[in-house]
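Mapping the sequence shown onto UniProt numbering, position 808 (from 1) lands on 808, and the numbers just tick up by one.
Virtual Cβ for every residue (Gly too), placed ideally from N, Cα, C.
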Amino acid sequence: MAAQTATELRTSDDYTIGWVCALPKEQTAATAMLDEIHADLPTKPPNDTNAYTLGSIGKHNIVIACLPKGKLGTSSAATVAIQMVRTFPSIKIGLMVGIGGGIPHKVRLGDVVVSTPVGQFPGVVQWDFGKAKHHGKFERTGALNNPPTSLLTALTKLETQHEMNGSKMYQYLDDLERNWPNLVPKYIRSTSLNEPFLELDNSYRGRHRWQVIFLTLWETILAFLKFLLGWWAIASVDGEAEQVTSTTVGTAVDGKQSRPRDIRVHYGLIASGNQVIKDAKLRDSLNESLGGNVLCVEMEAAGLMDNFPCVVIRGICDYADSHKNKDWQEHAAAVAAAFGKELLGYVQPSDVDGERPVKDILSEVLDTVSKTEANVETMRSRLDRKEDLEILNWLTDIDYGPQQTDYITRRQAGTGQWLLSSADFKAWMQSNNQTLFCPGIPGAGKTILTSIVVNDLISRFHMNSMTGIAYIYFNFNRQEKQKVGDLLASLLKQLAESLPSLPGSVKDIYTHHETKRTRPSLDEISRVLGSVAAIYSRVFFIIDALDECQASDGCRASFLSELFNLQTRHGANIFATSRFIPEIIDQFKGGVSLEIRASTDDVERYLEGHIMQLPIFVQQNRPLQEEIKKGISEAVDGMFLLAQIYLGLLDDKLTINDIRNTLEVFRKQGRGSGEDQKVQVLAFAYEQAVERINGQKPGLKKLAMKVLLWIACANRQLTASELQHALATKVGKSKLDQGDLPHIGDMVSVCLGLVTIDEESNIIRLVHYTTQEYFRRTRKRWFPKAESEITTICVTYLLFTIFESGFCETDKAFEGRLWSNPLYDYASHNWGHHARAVLAEVEQLRQLVLKLLESEHKVSGCSQAMMASGSYPGYSQRVPEQMTGLHLVAYFGVDKAVQFLISSDSPDPEDSYGRTPLSWAAENGHEAVVKLLLDKGAEPETKDTEYGQTPLSWAAENGHEAVVKLLLDKGAEPETKDTWYGQTPLLWAAGKGHEAVVKLLLDKGAEPESKASSGRTPLSWAAENGHEAVVKLLLDKGAEPETKDTAGRTPLSWAAEKGCEAVVKLLLEKGAKKP
């Protein structure tokens, strides 16, 4: 008969065992194993979205919960478990029971794997969580908590029982067959389930022939020995190799005929992650990286074991390879559930009573969970498909997660609460279509407060999958990453990656552009962003430091326009911060405005937390500490940054009177309420700080000024290890001496508060953008030879003998080079940019650069590091080889070096992609180098072998008007088509929206009706991408609006599909016909 339905009323406190499933079929199998099914609780908390099945097995009352349909992965499992233990506070141990993929030659389909500690691992390891280490290695930091002692004890008893008397699993499966006949066709194994184990799958095909023969022979020997001696006699042979225990439990029960194959129970390591593994090579690589100890791979257990003490039980339903299917899933779920029931029979209620309630453990980790949720890494890990991650990374590589993590960790405990508690913030948060604009003076703490808002929203809504949160931190140092398209793509990426599956609109835009080597237009990104935002019931956009977004090219105005349009169409809430910039304030007129100022309480909290950095006599004088807190709080007048600087300026004051006199200076400097006066106060504070740096001992001063030079003058932000190597590089040496590396702590401390390190990203930077502005204004004063000094160090580094081997032949070797030599990436990408301005001025530097350019192997290695990008297999090899020194300086536009090299070399050497120095110079817009090469006889009509583009085509595609004019004047053919897409320079320029280049080409006779291989015209490409000015120009030049491509589509149809309203209107006005 089926499980009995109990009528006795129970409360949530009566349940002590939590049973978590990922799939409905796993929940079905679990329910079928219950001895009794209990009535649902009368009520449950309103914020608990789980659906529970209640029942009992033996003396244990059990709660069964299943992940929401379609939501798999570690974070979903964690959410279910957290809600479960909040509703059922007496739960003390748990089971995670379901299906998983097995590792061939260790387990078979229909076997059971149970998580138990192996070596350094506690039974479950999160295989996709860790950090990169030197030499290209990946260190996993996702090993999780050990299972409860009571469960491990029960497993020991159960294993002994299996060896002596066999298992009760078949009995429980027979009970399922009798009690639940509707489940039999799927949940009870029949001969229709084929075991593909002996078929040579992809992993076998990848082996050498002798390995296949050996493995097959070994399996035969083991089977023969098992037949002669029984499995116990050879268990030690197999178990030593696997580092697990395996037990056969296939004894016939009650005289019934044994199943087609005995079930084996394996005890050992389960690898859990957020990605479905269905590739034999990835599976085997993962197993190898974990010492060959893995028995099973799955997707949910890692989300539980850090805060839900449990044993993970998996029925094997596939081999995690390309043969992955669902045939075995129901039977595997039933076998796992049967083992779970048998295990609970060996768990004594008194042992359960001795365990800590999970809610107590949970309360200790909730802060960590909240911080983890605040990290965009957690949001990113919710995707379970490799293809989805590739698409999202194709959208943009911008990642604000590390910044959010760093800013929130810098928050002084208790600060910022005034904003979260304010009526304006509460009103903004509780309703849709709200805007909260928070301007503030420089250094008021706007960015930290923004991170507090982001953290609060994520913590508040982390259980609500229908609330979308996306944020942007503008940074004056990252203007190249702050174009409107990049910004909207980042918002799109953040919203899309938080959904259970990637929206079709995102996949479609990727499919449309990726194969064509094109990027989506602003209109396309905006349209897809709107469609994704519409999926959510609520959307929050948090934007920090709008004043650091470029205004001169219209970026800021365009971005805000797109943001407000999203708000109008989808009711999004916008939180934004900025300095008091009139044009920004005007954009937010009519909305709620709340000025950000460092409150006296917050400043005093900060000072209290850092006052121990002052001399000992201050630390021992509490009244003096209060005097310092009061004096600085009054002097900074709402500027958090100034409080930090002022505190640093006191650390060399050694008497009470020195302290008091300095505080009085601070008070006098602080008089004046306008922003300009505040900026002047900051600038004066920076002057004082640099004076203190220069007043240090010579060695400390020298180190500090070198650190500041690199941070203030480098072309991008540097990691601490990159800067270490830069400072340790000595001119004239052929290798880096580890004894020359300065300590990172010293690099920061000698700068006396002007420099900090972001813990999450390891970026070493100036404390504030006003600090950067100060050094930008005073650069010639403090760092007059910055370009030549940086060039010298970069080129010296690239000349190290360790790079004599040249081009790296594998990704592993290439990544190992980058990890072992941290400055190599920066030096390869930037030496030429620094050299371009100063090479003519310094003879010694010119000789050093020529030494590099004349080294074939070092040029080859340097060019690989400069051009390799991506994460797909073989990415480091998808770069041109055989690049010469002339190619390199043409790429960077170092005309002085080109002049020297071209006098002795041919102007047209070709790299392995068939590209000449003229091709690279044209693509990057280096007019002076293009002219030099043409004057020396460089051929303007050469085509590369990769895409078949001419120098004119490359220049037109990238919008370099001066270079296009120069090439045309030298006879370049404007109608030459590339061999890949059949596109002319005009087609490229029109598609990219380069109006000036389009006009120039048309004036030089380019055909406005030229067609690519797809039959598309310049007008068609311009219309699709929403380039209104180019469309108008082409129409005025006689372009035909009704021309159809090979798919039968007109420019109007492309513009209409992409939502380019202005272009549609223009085409209709010019006679285009509606379809």
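Do residue i and residue j have their C-beta atoms within less than 8 Å of each other?
i	j	result
C317	L173	no
Y606	T415	yes
G1071	P1041	yes
V707	I659	no
P985	L952	yes
I596	C438	yes
L650	T770	no
E759	D486	no
L754	L766	yes
S521	K1058	yes
A1006	E975	yes
V879	Q864	yes
T577	A545	yes
Regarding residue i and the ligand HEM, is the C-beta to nearest heavy atom distance less than 7 Å?
i	result
S167	Absent from the structure shown: the ligand HEM. Ligands present: none.
Cα-Cα, which of the options is closest to residue i?
i	options	result
E789	N830, F800, S805 and E26	N830
I548	W782, Q482 and A868	Checking the sequence, you will find Glu at residue 548 rather than Ile. Comparing Cα positions, the closest option is Q482.
T801	K977, R178, P784 and H857	H857
D35	W180, V997, G591 and E815	W180
G268	C751, A1006, S115 and A827	S115
Y981	A444, M705, A598 and S1010	S1010
I64	A897, G58 and T53	T53
C713	R692, I574 and E773	E773
E159	E342, T942 and Y187	E342
G291	G443, I398, S322 and F121	F121
V1063	G971, A1023 and A956	A1023
A1012	K1004, S761, T577 and T1043	T1043
Does DSSP put residue i in a helix, in a strand, or in coil?
i	result
Y471	strand
E1009	coil
S272	strand
L176	helix
A439	It should be noted that the sequence gives Pro, not Ala, for residue 439. Three-state result, P439: strand.
V731	coil
V889	helix
Y981	coil
D911	coil
F540	strand
Q644	helix
A972	coil
M84	helix
E548	helix
I764	strand
L718	strand
Could you tell me the distance, in whole angstroms, from the CA atom of residue i to the CA atom of residue j?
i	j	result
E961	I408	45 Å
L1019	K324	47 Å
W428	E608	32 Å
H1027	F814	40 Å
S721	M466	41 Å
L295	P500	28 Å
L1002	S1014	21 Å
D637	A598	8 Å
E957	A557	26 Å
N464	R538	10 Å
Y824	S422	49 Å
L383	L502	Because the pLDDT at L383 is just 40, under 50, the model does not fix this residue reliably, and the value given afterwards should be weighed accordingly. Those two C-alpha atoms are separated by around 8 Å.
W920	G893	9 Å
For a cutoff of 8 Å on Cβ pairs, would you count residue i as touching chain C?
i	result
Q275	The structure shown contains no chain C; it is built from a single protein chain.
### Task
Check whether the stretch 551-571 touches the stretch 497-511, taking contact to mean three or more Cβ pairs, one atom from each stretch, closer than 8 Å.
Contact between the stretch 551-571 and the stretch 497-511 is absent: fewer than three C-beta pairs spanning the two stretches fall below 8 Å.
### Task
Give a yes or no on contact between the stretch 938-949 and the stretch 906-917, applying the rule of three or more CB pairs nearer than 8 Å.
Touching, yes, given that three or more Cβ pairs across the two stretches are closer than 8 Å.
### Query
Given 8 Å as the limit, is there contact between the stretch 88-106 and the stretch 9-26, that is, 3 or more CB pairs closer than that?
Segments in contact, yes.
### Task
Please confirm if the stretch 850-866 is in contact with the stretch 804-812, defined as three or more CB-CB distances below 8 Å between the two stretches.
Enough Cβ pairs lie closer than 8 Å, so yes.
### At least three beta-carbon pairs within less than 8 Å, the stretch 576-593 to the stretch 618-634
Result no; under three Cβ-Cβ pairs closer than 8 Å.
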